[in-house]
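Protein chains in written order, with this note's numbering: chain H, 294 to 525; chain V, 36 to 784; chain Z, 323 to 407.
One structure is given below, encoded as structure tokens.
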Amino acid sequence: MSGVPIGIVRFPGTNCDQDVFDAVAAIDGALPVWLWHKETALGGVRGIVLAGGFAYGDYLRAGAIARFSPIMERVIAFARSGGPVLGICNGFQILTEAGLLPGALMRNAGLSFVCREQWLRVDSTDTPFTRHFRPRQLVRFPVAHGEGNYVADDETLDLLEGEGRVVFRYVDEAGEATPLANPNGSARNIAGIADERGNVVGLMPHPDRAMSLLVGSEDGREVFRGLLEAAA
Amino acid sequence: MTVALRDTPVTPDVVAAHGIRTDEYDRIVELLGREPNFTELGVFSLMWSEHCGYKYSRALLSEFPSTGPQVVQGPGENAGAVDVGHGFAVVFKMESHNHPSAVEPYQGAATGVGGILRDVFTMGARPIAMLDSLRFGALDDPHVRYLFRHVVRGVGDYGNCVGVPTVGGEIVFDDAYAGNPLVNAMCLGLIRHEDLMRASAAGPGNAVYVLGASTGRDGIHGASKLASTELSADTVESRPTVQIGDPFTEKLLLEATLELIESGAAVGVQDMGAAGLTSSSSEMAARAGTGIEIDVALVPRREPGMTPYEVLLSESQERMLVVARPDQEPALMAIAEKWDLPCTRIGIVTDDDLWRVLEDGEEVCRIPVAALVDEVPRYVREVQEPSYLAEVHGSMPDPDEITRIDPLAALEGLLSAPTIASKRWVWEQYDHHVQTNTILGPGPAGAALLSIKGTPGALGVSTDGNGRYVYCDPRRGGALAVAEAARNLATVGARPLGVTDCLNFGNPEKDAVYFQFAEAVRGIAEACRAFDAPVVSGNVSFYNESPKGAIYPTPTIGMVGLLEDVEARPRGGGSPGDSLILIGRDGAHLGAGSLLAEVLGIVAGRAPAVDLDAERRHAEIVRELVRGGVAVSAQDVSDGGLAVTAAETCFGLPAACGIEIELPEAEGGPHGAMFGEDGARYLLVVPAERRDLARQRLDSGAVPWREAGRVTSDGRIRFRDVGERPREELERRWRNAISDRMETMEDER
Amino acid sequence: MTARVEVFVQLKDGMLDPQGKTLEHALEALGYSGVENVRVGKWITFAVEGGCREEIAGRVDEMCRRLLANTVIERFTYKLLEDGE
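Here it is in structure tokens:
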């Protein structure tokens, strides 16, 4: 096997690791590589994905314990040096706990875990992960989480909007960010955001579950294609 | 039983308190050649309980077919397994957690999921899907809503955290379950044939380890006390027997167990489930024909001061018993450390056929393994048909009473009955996508369809069981549960491979219950033979009774089938002009059905007759039409008859579509044709351009069929000469029936 | 010294607490009128050893900021109880 090595971090309790591994493997030229949470080196990977799941059982708060794993120090340094880092679902929660992305993810407003097909609007194509989408393109990734209610203070939200860092928004089939289309009560229907430079993106929905029409959508492929190109 | 001193004298009262009959006690004395001590008595009470020892059911269960060329592992292991081709097998089992869920619904359901997951990964298989078969009282009862809400949350939180998708199941609401809900969980795992692990303690001299969580006082006497007696107000207060689930530890245990099996670091692995250390250790020894010696002082504890009795009988969750050779120990320990799990050597495999327990080297139990596992009493009883059956069969309402029912109002009522209504409120709380195998999840079809990665095939899975049918007609009801599952598989193009079951009944010491059980088992056995679907695993849950009486006898069937080529899956969709083809004869049978139960509120008559030959032939032709793309979708006709099936078919069509159904002329009105629940029937959506193909195939198949209607573009659901309703209105009732109740009404604990 | 520590973590005032809202509604339904502003939090207890009271307080404060509370959305308070208290 050869290709650009993309690291997939496995914490105890990560459960979408194999799905992300398969998603990366499905992109020509990408080589998925496991990164165990106890490791203290990245082994030369050129891009990193924090996969979904329940790292440390989501005990205390989702992502709160995982962010102190030895590997996270390296992930933080990698992100700060401009390396592409994608956090999906629990991975997004870990990125906010680690301070790589602003805000926090609270318990869903409906208080229940929610798993459904979800329309999203790509509101920023200025990240490596979304550069293959058209501006405001509608894509379909499933959501499956209990703590995906994105919150931040108004100042932060305005800053994110102003700098074009709201990457994905929950919308209805017509592309409107309505309350009904919002599965978890997130502020301004925000589903995913980027850091200042755009190389770190976190989102609650699962592009890794949208890799084949067999499971209903292949819109996720472009996210991983973009990751590979940024890593190459 | 909070304090259990080892020197408690064994008096007749103590024996009775353990649920052991005097003749059983005499047999224990005979087997030991002496009186048992208190700890040994507790051990016997567990191993000889119905839950562990199947003393009332085993003789009857031997009627099930359990062999076939596809069977890789039949009954007797932690789970059964069937071949799915390309070197893979599917490991599966269903298990009940009814009484724990009645006492503490969240933890009861969660630990039920945990237990069935362990049964599957203990075999070396990675769990790929869960299904849940649930029964509750009527949803208008605030306590039922409390149970329902928390069971669903418990199932979801556990499965979601471990990362196994919940892809299907069924839920029935009926007063018969008000005092005793049923929570049956089914798990499927995928494995390469060569990795299959058996739970045996082979090789005298090998060491025995506990891997996973530490042992506390939770669940002591869960198996014997909760699962093998009727529920009373007293049991509801018995919270110490409730186990607490930890899905995070389960996930670690799953990964560690699969890793140690794949890397060959163990000889045998067994879940420490019901009856904990006692049953896991004695059963492993029994399978291997060895003895086992354990020192309870070595078992890691969560609480100080636990007696051997408590350590042996604890049902603390997320623990595994592992047997390994001395040369395997370093690898075993390394894997445990990698996953941050304690792994402690607690004993040794011996060659003396004895189950010996020490505490700090001092012997506290010494029982022949065979006495615990093979000498369990077996009861076969001769009982008469209970008199209630004749009463139920003879109490069908007057035909006029049925004729007076407004058919469209009845359809509205049926679609908004929680048993028939959409279960979206439930399955949106379950992660049904994780692992990315879910082609058809809990929404669209009667069966789930899962891709089998690494092969071109897909698995069809369904759980079914209509307790009202079994109550009215135990033998037919048993067969119909199997037939319904097979029909559901046919609608996704899958051919049955095997069955697991959960047999939920009342107290088998009562004649009526024993009769229901024996007859239902016969019905299931006959149907499984007809579908060539051997029973490879399962579970019996007796004593499902509360002060309100026994539940409906409710065998639930979990059936697994194969669609060899995933490209042949049903594509769904449909458009105006498409034909709706009814396979099977028009309906007429209303007995024991949904119209009587949900609209008139009565349970009367016989269950529909079972024609297994027709079931098999019709299923075959449906599979063929689905696989060939002649039909874009198929629904079997079950609860609520053709009318409900047609409406649900319509809800699966693109938004603006409606349907029009033609009904045969019938004296006394359209009720039989609309709501009859006769078996072996399906409604297929066939695109206009494939109608002739369908006709040719159906005519040559010697199968009764007719074109029952078509897809329209007017967004209405119309029964010609009867009436119509806007689709949107019916769909709203169907979609919101459960969520409206759960979101606007208060619960009561 | 050894201190027993009790940490309380709660959503910041003004943050919507859907769980608290739900409980408030449920209490009302049970007939408890006049219940307002229900907030759900976490109560974490542990023992900690070493140093004087100020040093321990400093460490607990740090623990709260780094791990036990997410100060983006939560506030915390804690109590130190000496053994015997």
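Quick reminder that beta carbons are idealized off the backbone N, C-alpha and C, glycines included.
These numbers were taken from a predicted model, which means no experiment stands behind them.
Check                                                                                                                               : Outcome
Any C-beta of chain H under 8 angstroms from that of glutamine 464(V)                                                               : yes
Cα-Cα separation between phenylalanine 283(V) and arginine 367(H), rounded to whole angstroms                                       : 25 angstroms
Simplified DSSP assignment, three categories, for asparagine 574(V)                                                                 : strand
Exposure label - phenylalanine 347(H); buried when at least 16 CB within 10 Å                                                       : buried
DSSP state of glycine 455(H) mapped onto helix, strand, coil                                                                        : helix
Residue nearest to leucine 324(H) in terms of C-alpha spacing, selected from Gly337(H), Leu413(H), Lys331(H), His330(H)             : Gly337(H)
C-beta contact flag for asparagine 133(V) and serine 457(V) at 8 angstroms                                                          : no
CA-to-CA distance, proline 140(V) to glutamate 318(V), given in whole angstroms                                                     : 29 angstroms
Cutoff 7 angstroms; reference glycine 500(V); Cβ partners in own chain excluding five residues on either side                       : Ser168, Ala516, Thr589, Pro590, Thr591, Ile592
Min CB distance leucine 404(H) to chain Z below 8 angstroms                                                                         : yes
Proximal residues, the region 349 to 368 of chain H versus chain Z, C-beta separation under 8 angstroms                             : Leu353, Arg354, Ala357, Ile358, Phe361
At least 3 beta-carbon pairs within less than 8 angstroms: the region 346 to 363 of chain V vs the region 209 to 228 of chain V     : no
Any chain H beta carbon closer than 8 angstroms to phenylalanine 577(V)                                                             : no
Cβ-based neighbour list, isoleucine 369(H), same chain, cut-off 7 angstroms, excluding 5 preceding and 5 following                  : Ala391, Leu393
Residue-level contact to chain Z via CB, glycine 441(H), 8 angstroms cutoff                                                         : no
Contact check, arginine 768(V) vs serine 614(V), beta carbons under 8 angstroms                                                     : no
Which listed residue (Arg337(V), Arg784(V), Val199(V), Val571(V)) has its alpha carbon closest to that of glycine 111(V)            : Val571(V)
Helix, strand or coil at proline 467(V) according to DSSP, with G and I counted as helix                                            : Contrary to the premise, residue 467(V) reads as histidine rather than proline in this sequence. Here histidine 467(V) sits in coil by DSSP.
Partners in chain H for threonine 344(Z), counting only beta-carbon separations shorter than 8 angstroms                            : Leu404
Per DSSP, the bridge partner or partners of tryptophan 412(H)                                                                       : Arg433(H), Val464(H)
Residues bridged to asparagine 442(H) [DSSP beta-bridge criterion]                                                                  : Met399(H)
Neighbouring residues, chain H, relative to glutamine 341(Z) (Cβ below 9 angstroms)                                                 : Arg400, Leu404
Sequence-distant residues of the same chain with beta carbon closer than 7 angstroms to glutamate 350(Z), five excluded per side    : Val357
Straight-line gap, leucine 449(V) to alanine 173(V) (C-alpha atoms, nearest Å)                                                      : 14 angstroms
Contacts of phenylalanine 347(H) in chain V (Cβ-Cβ under 7 angstroms)                                                               : Cys196, Phe283
Under 8 angstroms between C-beta atoms of glycine 528(V) and alanine 555(V)                                                         : no
Under the three-state DSSP convention, the category cysteine 685(V) falls into                                                      : helix
Stretch pair the region 342 to 362 of chain H + the region 456 to 463 of chain H: three plus CB contacts closer than 8 angstroms    : no
Same chain, Cβ closer than 7 angstroms to glutamate 783(V), five either side skipped, listed in chain order                         : Pro177, His178, Tyr181
Nonlocal neighbours in the same chain, by C-beta distance under 6 angstroms from proline 421(V), ignoring five residues either side : Ala547, Phe550
Residues near cysteine 692(V) by beta carbon distance below 8 angstroms, same chain, minus five either side                         : Gly609, Ser610, Pro611, Cys685, Val746, Thr747, Ser748, Gly750, Arg762
Neighbouring residues, chain V, relative to methionine 497(H) (Cβ below 7 angstroms)                                                : Simply none; closest approach about 13 angstroms.
8 angstroms Cβ cutoff met for isoleucine 381(H) and aspartate 501(H)                                                                : yes
CB-CB length for proline 305(H) against leucine 367(V), believed under 8 angstroms                                                  : Contact flag wrong, Cβ pair sits at about 18 angstroms.
Min CB distance valine 444(H) to chain Z below 8 angstroms                                                                          : yes
Against chain V: residues of the region 415 to 439 of chain H by CB proximity under 7 angstroms                                     : Pro435, Ala437
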